[in-house]
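Residue numbers (the working numbering), protein chains in the order written: chain A, 16 to 310; chain B, 3 to 329. Note that CB positions come from ideal geometry on N, CA and C, so glycine has one too. See below for the structure under consideration.
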Amino acid sequence: MSADQFVQYLISGLTQGSIYALVGLGFTIIYAVTRIINFAQGEFVMLGGMLSFTLAISAGLHLVPALLLSVLIATAMGAIMYLLAIRTAKRASAVSLIILTIGAAIFIRGIAGELWGVDFVRPPFFTGRESISFLGAYIHPQALWIIGTTIVVTILLHLFLSYTMVGKALKACAISPRAAGLVGIDAKAMALIAFAIAAALGAIGGVVMAPLTLTAYNVGVMLGLKGFVAASIGGFKNPLATVAGGIVLGIVESLAVGVDWGPFTSSYKDAIALVVLLLILILRSGRLAAEERES
Amino acid sequence: MLAKIKSKWTYLAIAALLVFLILVPFDWFLGQYKGLAIFIGISTMVTVGLCLLMGYTGQVSLGQAAFYGLGAYFSAVLSKTYDVNPWLAMLIAAIATGGFAYVIGYPIFRLRGNYLAMATLGLGLIMWILFRQLSQFTGGPDGMAGIPYLSIGSFVFDTSFKRYFLVWFFCLAILLISQNIVQSRTGRALRAIHGSEAAAESIGINVAQFKVKIFVLSAVYASLAGSLFVHHLRFVSPQPFDFLASVKLVVMAVIGGLASVWGAIFGAGTTRILSDELLLSFGEWDIAIYGLILMLVMIFTPEGLFVKLKDVFGRLRLRHSERGAES
């Protein structure tokens, strides 16, 4: 691998990793506030991308309102999912909740497959398609949009959690739901907000990603899993660590694809994230077990 | 609750089930559904393992299809490509799959709850990717055909009618073995682990070892089911062992009530009938409706449909016997 190639792989890893980071943030927020792993998280990425295609191409809306509307609709669906499915399942055990969110994911995917068919679609690029030369490598303008959006969203989320009343209440819930309840924070309202924010983050990832990577009704499965790996690397607590986890995963995947593995061709790319996931979980098992006992 | 004394009703129910199972494949009864019934038997075998694992140790596995698939592919490759006797292939598959579960069991079962769910999910997906990618052995995404039938001497299991009895023989044997395990010292140890790991540990139960043992047992069950599956269809492809398959298996176990070995038949039966028969009438909407049903079952009967039904029947019977006592 030459230096130019290395930079090229680094850039594509950073781009891909940014998406993982956005999905991972959704996992982290929901898990921190509710201790639920939302297996439907990847579906909101799919919804964002598919909705933006429908609104911008099929409905012919201007790009900016189309993108905003896509994220808004997906956010509303995240909130609806919490209200209709999660909140009504009061007696559900951890296993039941896992199956419940998987059921929601299958439901959303099934409807998407019917509405949009099974083909890949490409929403319009935000700005042009001429790649920009950079350190001997090429970078697509849409990749800049992806990386830039992730940076802006991460900063906004950080400010929101640190300096607003609602953000601080979310944080309080994450640290101790009972203590938060004692000072008058409505845990259910916080859970609703967490699901809505997570859906919004996923959908934002979906709309910025779709023009570059294309999108279809079933892209949510793998993206959800990668996002989960990002959140695992980050430890499910700290949003910034999750973003770092996503970017590390993206770069590792990208570089691993670039290296010649002989019989282990790049089709094993998805397996890399899974092996990383297993290693992290097992290496951290002592600490994770202690955490589960606390909560 | 669990250590209940067997009433005459339980024996009657089991006898009725046996008679029903023997009659199913005859054409004048439910003969046209014997294909479905074979799959229910195969699914039940995997589900029983999951029931033991989830219901009695409180541990979840979202990757059970990996072991199911390993059994299937070991049997398929050994018996077709390497001409190994199918029964021997089945045995090798079970030992290899069990050994694999043993090796990964110790590190993986240091995890709990959501993390264990994710680790097993990852494991299942890695296996699925391997089934697809190792195409020089497995035939890749297109799969491989021409796997031989099982046979005993000159008696070949070449019709669904014969294979129905073969599959259900294995299935009932596994159910009986599992029932015995549940009621043995091991079963009590497992329930203690489910109740409280710390308490179980304090009275001398080696928690980690028991969990791994049950994990290995469930893997062996799944492997046997996978072997029977390929010798029934004579075809194997990665699709029946994907993530959705693992989810469906967990659903079968949950609907069957987790803490009930016989509930596994009910769980596997309802899930299979639903996804293989009833949902087909919804055409292409079947996946969405499956997801919807999954959500509804989890929302309204998180303890499992089978347990719920048993409660309802139990209450009816109680009312019936009270009335009997009055008159």
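Close Cβ partners of residue i (< 8 Å) along its chain, the five nearest in sequence each way excluded
{"i": "valine 252 of chain B", "result": "Leu52, Met56, Val62, Ser63, Leu64 and Gln66"}
{"i": "isoleucine 94 of chain B", "result": "Phe76, Leu80 and Val86"}
{"i": "isoleucine 287 of chain A", "result": "Val267, Glu268 and Ala271"}
{"i": "valine 291 of chain A", "result": "Val244, Ile248, Leu264 and Val267"}
{"i": "glutamate 199 of chain B", "result": "Val209"}
{"i": "arginine 124 of chain A", "result": "Glu58, Met61, Tyr232, Asn233, Gly235 and Val236"}
{"i": "phenylalanine 54 of chain A", "result": "Ile113, Thr116, Ile117, Ala119, Ala120 and Gly239"}
{"i": "isoleucine 7 of chain B", "result": "Reliability fails at isoleucine 7 of chain B, whose pLDDT of 48 lies under 50, so the model's placement of it is uncertain and no value is given."}
7 Å CB neighbourhood of residue i in its chain, flanking five on each side removed
{"i": "isoleucine 291 of chain B", "result": "Leu281 and Phe284"}
{"i": "cysteine 173 of chain B", "result": "Gly43, Thr46 and Met47"}
{"i": "valine 218 of chain B", "result": "Gly100, Ala103, Tyr104 and Gly107"}
{"i": "isoleucine 248 of chain A", "result": "Gly260, Val263, Leu264 and Ile295"}
{"i": "alanine 78 of chain B", "result": "Met146, Ile149, Val232 and Val238"}
{"i": "valine 222 of chain A", "result": "Gly63, Gly64, Ser67, Leu82, Ser85 and Val86"}
{"i": "threonine 257 of chain A", "result": "Ala36, Gly39, Leu40, Thr43, Ala245, Ala246 and Gly249"}
{"i": "threonine 303 of chain B", "result": "Lys310"}
{"i": "tyrosine 223 of chain B", "result": "Met47, Val48, Val50, Gly51 and Ile176"}
{"i": "alanine 227 of chain B", "result": "Ile44, Met47, Val48, Tyr70 and Gly73"}
Cutoff 8 Å: residue i Cβ touching any chain A Cβ
{"i": "alanine 247 of chain B", "result": "no"}
{"i": "glutamine 135 of chain B", "result": "yes"}
{"i": "glutamate 203 of chain B", "result": "no"}
{"i": "isoleucine 48 of chain B", "result": "The sequence given here has valine at residue 48 of chain B, not isoleucine. No, valine 48 of chain B does not count as interfacial toward chain A."}
{"i": "isoleucine 131 of chain B", "result": "yes"}
{"i": "valine 62 of chain B", "result": "yes"}
{"i": "glycine 51 of chain B", "result": "no"}
{"i": "leucine 127 of chain B", "result": "yes"}
Residue-level contact to chain B via CB, residue i, 8 Å cutoff
{"i": "threonine 103 of chain A", "result": "yes"}
{"i": "serine 27 of chain A", "result": "no"}
{"i": "aspartate 134 of chain A", "result": "no"}
{"i": "serine 111 of chain A", "result": "yes"}
{"i": "valine 267 of chain A", "result": "no"}
{"i": "alanine 107 of chain A", "result": "yes"}
{"i": "isoleucine 200 of chain A", "result": "no"}
{"i": "leucine 292 of chain A", "result": "yes"}
{"i": "arginine 302 of chain A", "result": "no"}
{"i": "leucine 66 of chain A", "result": "no"}
{"i": "aspartate 285 of chain A", "result": "yes"}
{"i": "leucine 289 of chain A", "result": "yes"}
{"i": "phenylalanine 210 of chain A", "result": "no"}
{"i": "alanine 344 of chain A", "result": "Residue 344 of chain A lies beyond the residue range present for chain A, which begins at 16 and ends at 310; the question has no answer from this structure."}
{"i": "phenylalanine 243 of chain A", "result": "yes"}
{"i": "leucine 238 of chain A", "result": "no"}
{"i": "isoleucine 297 of chain A", "result": "yes"}
Interface partners of residue i on chain D, CB under 8 Å
{"i": "isoleucine 52 of chain A", "result": "The chain inventory of the structure shown lacks chain D, comprising the protein chains A and B."}
Beta-carbon contacts of residue i that lie in its chain and below 6 Å, excluding the five residues immediately before and after
{"i": "leucine 270 of chain B", "result": "It should be pointed out that residue 270 of chain B corresponds to alanine in this sequence rather than to leucine. Counting only Cβ-Cβ distances below 6 Å, and skipping sequence neighbours, we find Ile42, Ser45, Thr46, Thr49 and Met254."}
{"i": "threonine 330 of chain B", "result": "This structure cannot settle anything about residue 330 of chain B, because the visible part of chain B is limited to 3 through 329."}
{"i": "glycine 259 of chain B", "result": "Gly265, Gly306, Phe308 and Val309"}
{"i": "tryptophan 131 of chain A", "result": "Met65 and Tyr232"}
{"i": "leucine 318 of chain B", "result": "none"}
heavy atom of the ligand NAP below 7 Å from residue i C-beta
{"i": "alanine 187 of chain A", "result": "In the structure shown, the ligand NAP is absent, as is every other ligand, since no ligand is present at all."}
Closer than 8 Å, Cβ to Cβ, to anything on chain A: give me those residues from the stretch 208-231 of chain B, in chain order.
-> none
Could you name each continuous alpha helix (DSSP H) segment of 4 residues or more that falls completely within the stretch 88-114 of chain B, going from the start of the chain to the end?
-> 88-110
Contact the stretch 224-242 of chain A vs the stretch 231-238 of chain B: 3+ CB pairs below 8 Å | no
Looking at chain B, which residues of the stretch 115-147 of chain A have a Cβ within less than 8 Å of any of its Cβ atoms?
-> Legend: CB atoms of the stretch 115-147 of chain A lying less than 8 Å from CB atoms of chain B belong to residues Leu115, Ile117, Gly118, Ala119, Ala120, Ile121, Phe122, Ile123, Arg124, Gly125, Ile126, Gly128 and Glu129.
Are the stretch 42-54 of chain A and the stretch 178-191 of chain A in contact at 8 Å, needing three or more beta carbon pairs?
-> The stretch 42-54 of chain A, when compared against the stretch 178-191 of chain A, does touch it at the 8 Å Cβ threshold.
At least three beta-carbon pairs within less than 8 Å, the stretch 149-169 of chain A to the stretch 95-104 of chain A | no
For the stretch 144-152 of chain B and the stretch 14-23 of chain B, state whether three or more C-beta atom pairs, one from each stretch, are separated by less than 8 Å.
-> No: fewer than three Cβ pairs fall under 8 Å.
contact_flag[the stretch 133-140 of chain B, the stretch 61-72 of chain A] where n(CB pairs < 8 Å) is 3 or more | no
Complete alpha helix (DSSP H) runs within the stretch 187-245 of chain A (minimum length 4 residues, chain order) = 192-197 and 202-228
Is the stretch 194-213 of chain B close to the stretch 163-182 of chain B, with three or more CB pairs under 8 Å?
-> no
Given a limit of 7 Å on CB to CB distance, which residues of the stretch 249-273 of chain B reach chain A?
-> Residues Val249, Val252, Val253 and Val256.
Return the chain-ordered ranges of every beta strand (DSSP E) run that is complete within the stretch 74-157 of chain A and spans a minimum of 3 residues.
-> 147-149 and 152-154
Report the residue ranges of all alpha helix (DSSP H) runs contained in full by the stretch 179-206 of chain B; include only those spanning at least 4 residues, in chain order.
-> 187-197 and 199-204
Are there three or more Cβ pairs, one per stretch, closer than 8 Å when the stretch 142-155 of chain A is compared with the stretch 19-31 of chain A?
-> yes
Are there three or more Cβ pairs, one per stretch, closer than 8 Å when the stretch 201-219 of chain A is compared with the stretch 50-65 of chain A?
-> yes
Does the stretch 112-127 of chain B come close enough to the stretch 102-115 of chain A that 3 or more CB-CB pairs lie under 8 Å?
-> In this structure the stretch 102-115 of chain A lies against the stretch 112-127 of chain B, because at least three pairs of beta carbons, one per stretch, are closer than 8 Å.
For the stretch 31-39 of chain A against the stretch 160-174 of chain A, are there 3 or more C-beta pairs whose distance is under 8 Å?
-> yes
Which residues, in order along the stretch 90-116 of chain B, keep a beta-carbon less than 8 Å from a beta-carbon of chain A?
-> Hits within the stretch, in order: Pro109, Ile110, Arg112, Leu113, Arg114, Gly115 and Asn116.
Near-chain A residues of the stretch 278-306 of chain B - C-beta to any C-beta below 7 Å = Residues Glu286, Trp287, Ile289, Ala290, Tyr292, Gly293, Leu294, Leu296, Met297, Met300, Ile301 and Pro304.
Looking at chain B, which residues of the stretch 32-49 of chain A have a Cβ within less than 9 Å of any of its Cβ atoms?
-> Tyr46
Closer than 9 Å, Cβ to Cβ, to anything on chain B: give me those residues from the stretch 162-189 of chain A, in chain order.
-> none
In the stretch 254-278 of chain B, which residue ranges form an unbroken beta strand (DSSP E) of at least 3 residues, counting only runs that do not cross its ends?
-> none
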